[in-house]
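Following our numbering, the numbering of the sequence shown begins with 479 at its first residue and continues without gaps.
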Amino acid sequence: MLEYKLYINGEFKDASDNAVMDAVNPYDRSVFAKLAKASINDTKSAILAAREAFDNGVWQAKKNEERSAVIKQIADKIKENSALLQELEIKESGSTYKKSKDDMFLTYRAASTFAKLALTDLNETLDISKEGVSKNLLIREPIGVVSAIIPWNFPLQMAMWKIAPALAAGCTIVLKPAPETSVSALELAKIIDSTDLPKGVVNIITGDAEVGQEMVTNPLVDKVAFTGSTEVGKIIMQNAAASVKNVTLELGGKSASIILDDADLELAVDGSAYAGYFHNGQCCVAGSRLILTNKNYDEVVDRLKAKLAKMKIGNPMNKDTDIGPMVSEKQQKRVLDYIEIGKKEGAKLVYGGGVPKGFETGCFVEPTLFADVDNNMKIAQEEIFGPVLAVIKAKDENDAVRIANASSFGLAGGVWSKDNERALNVAKKLRAGTVWINEWHLLNDKAPFGGYKQSGVGRELGIEGIKAYTEIKHIHIDEVLDRKKKFWYNVTIPQD
């Protein structure tokens, strides 16, 4: 039985009240680790450690090159320990071997990218005045103490999406992973502890919503960075408003994949299946709505059904498994409940819809395909976060765009077509933060990521991702030293 402690101020500690929580493997529902469960007092200690580390300048005062070097250390050690990290992430999240192997690389790549981006000078000189009159500088400074709360679908990758840019900006941070997937984050704490990062700069604690609320409302925190559901994001936004905290919210999605009538169907069907069923659909950018015109509707549905029948369900540790379990029993029940809702709403169940035979012990759900879905149905409007794809019929290209945009979400979208110019015109009409043409799920660490509408506030990744952890200061240096030449001379100040 593995055991993990909280990581506060550079030390591994038991919870102050000795509380523990179980790490459960969703494949067989077995407990494989015991974790210290943070109390409110532990949370306050972690925040105080981050506050003191920021205020004493032990990290923010370092040069860009020094911060870059430490972030690169973290990246290299993630790479060195990728096999162990992958094993733990499979056990806690149900990620398949194939998916989690990519996740380890992407976690390493994100840290490496931000190590390089940390070298960027974010300060600017504005060209808004004549020479000899004034100089105007824009200075970006670290925002301060960051509370970062991450989800369970990509545990390590999401941790690095928060930690690396915050460190690059010069901030200190308290990270809380999801209760379902805290093991890999606490293993990451061991990696961070072995680098030259000063004590208190990164703190990693576990816990539930009570801990999260303290992280959001604590007056010593300057910024909240959250990835998760829109429902929780709204609560965080409300709580942060009391002290007008800066927030970055990467929230839910109900992204639409549009297959135009000139698309390569082999590519489009495979791509749309990947969009909808990758990691059991437990992705904020999942292409969970598929919009088709009459011309290719029946053929695409038939091809998808045949594709799903070939997907191998099994132990996520096996290298040939395509579909593993949901992350938890709670998530399994949520998805199965939505499938029943889809049936009652009148959608046509084409494939799946239940627990696969032989896998009743684990938290499994069959890859499920609904056809003849009306875009007003719950299964088309609400984020299921499971392997459920809703196929919707459109009259034409314009109708497909209308349907795609008829959603409270706007995180991602995709267009499949042999004509890039036509696809680009459609992509520009989609109200979404990321749109792929003839592709899905590919995100670049150097490109900003985030959503429109109720899919979030702000952007992560790239230079924009670092700027999100800074405050911007305008400094005006006036070069007119003769008071009689000041614009305010004789305006306010009485003259002799």
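Each residue gets a CB set at the ideal place from its N, CA and C atoms; glycine is no exception.
Computed from a predicted structure; not experimentally measured.
| Item | Value |
| --- | --- |
| Measure from the alpha carbon of His954 to the alpha carbon of each residue in Ile617, Thr708, Ala687 and His919, then state which is nearest. | Ile617 |
| For a minimum of 4 consecutive residues, which ranges assigned as the alpha helix (DSSP H) are wholly contained in the stretch 526 to 598? | 542 to 558, 560 to 571 and 575 to 595 |
| If I'm right that Pro633 touches Pro655 with Cβ under 8 Å, what's the distance once you round it to whole angstroms? | 6 Å |
| Given that a residue counts as buried once 16 or more other Cβ atoms are within 10 Å of its Cβ, and exposed if not, what is Trp966? | exposed |
| I'd like to confirm the pairing. Which residues does DSSP put opposite Pro620 in its beta bridges? | Thr948 |
| With the cut-off set at 9 Å, would you say Gln564 and Ser578 are in Cβ contact? | yes |
| Kindly give me the distance between the Cβ atoms of Thr695 and Met636, rounded to whole angstroms, as I take these residues to be in contact under 8 Å. | That belief does not hold up - the Cβ atoms of Thr695 and Met636 are roughly 22 Å apart, past 8 Å. |
| Check for me: the alpha helix (DSSP H) holding Ala720 runs from which residue to which? | Counting along the chain, Ala720 falls outside any alpha helix (DSSP H), and DSSP gives it neither H nor E. |
| How would you call Glu658, buried or exposed, if buried means at least 16 neighbouring beta carbons within 10 angstroms? | buried |
| Using DSSP with H/G/I as helix, E/B as strand and the rest coil, what is Arg781? | helix |
| So, with DSSP's three-state summary, where would you put Asn503? | strand |
| Do Gly749 and Asn918 have their beta-carbon atoms positioned less than 9 Å apart in this structure? | Note on residue identity: the sequence assigns Trp, not Asn, to residue 918. In contact: Trp918 and Gly749 (Cβ atoms closer than 9 Å). |
| Taking 9 Å as the cut-off, decide whether the C-beta atoms of Ile737 and Leu484 are in contact. | no |
| Per DSSP, what kind of secondary structure is Arg909 in: helix, strand or coil? | coil |
| Tell me which residues share the same chain as Gly940 and place their Cβ nearer than 6 Å to its Cβ, disregarding the 5 neighbours each side in the sequence. | Lys924, Ala925 and Pro926 |
| Please state whether the Cβ-Cβ distance between Trp914 and Asp742 is less than 9 Å. | no |
| Between the stretch 590 to 609 and the stretch 665 to 681, do at least 3 Cβ pairs fall closer than 8 Å? | no |
| Thinking just about the alpha-carbon of each residue, which of Glu875, Glu692, Gln932 and Gln809 is nearest to the one in Ala720? | Glu692 |
| For the 8 Å Cβ check, are there 3 or more pairs between the stretch 942 to 953 and the stretch 887 to 906? | no |
| Output the boundary residues of the beta strand (DSSP E) element that contains Glu602. | Glu602 to Leu604 |
| Tell me, which residues are paired with Ala703 by DSSP? | Ala626 and Thr726 |
| Are the stretch 518 to 530 and the stretch 486 to 497 touching by the rule of at least three beta carbon pairs closer than 8 Å? | yes |
| Assign His919 to one of three DSSP states: helix, strand, or coil. | coil |
| Following the continuous alpha helix (DSSP H) through Thr695, name the residue where it begins and the one where it ends. | Ala687 to Thr695 |
| Residues bridged to Trp894 by DSSP? | Ile737 |
| Give me the Cα-Cα distance between Val747 and Phe510, rounded to the nearest whole angstrom. | 38 Å |
| Using the rule of at least 16 other Cβ atoms within 10 Å of the residue's Cβ for burial, across every protein chain shown, is Pro643 buried or exposed? | buried |
| Please state whether the Cβ-Cβ distance between Ala703 and Ser607 is less than 9 Å. | no |
| Just curious, the alpha helix (DSSP H) that Ser750 is in, first and last residue? | Leu743 to Tyr755 |
| Here's a check: name, in chain order, each residue in its chain whose Cβ is nearer than 8 Å to the Cβ of Arg961, leaving out the five neighbours to either side. | Tyr967 |
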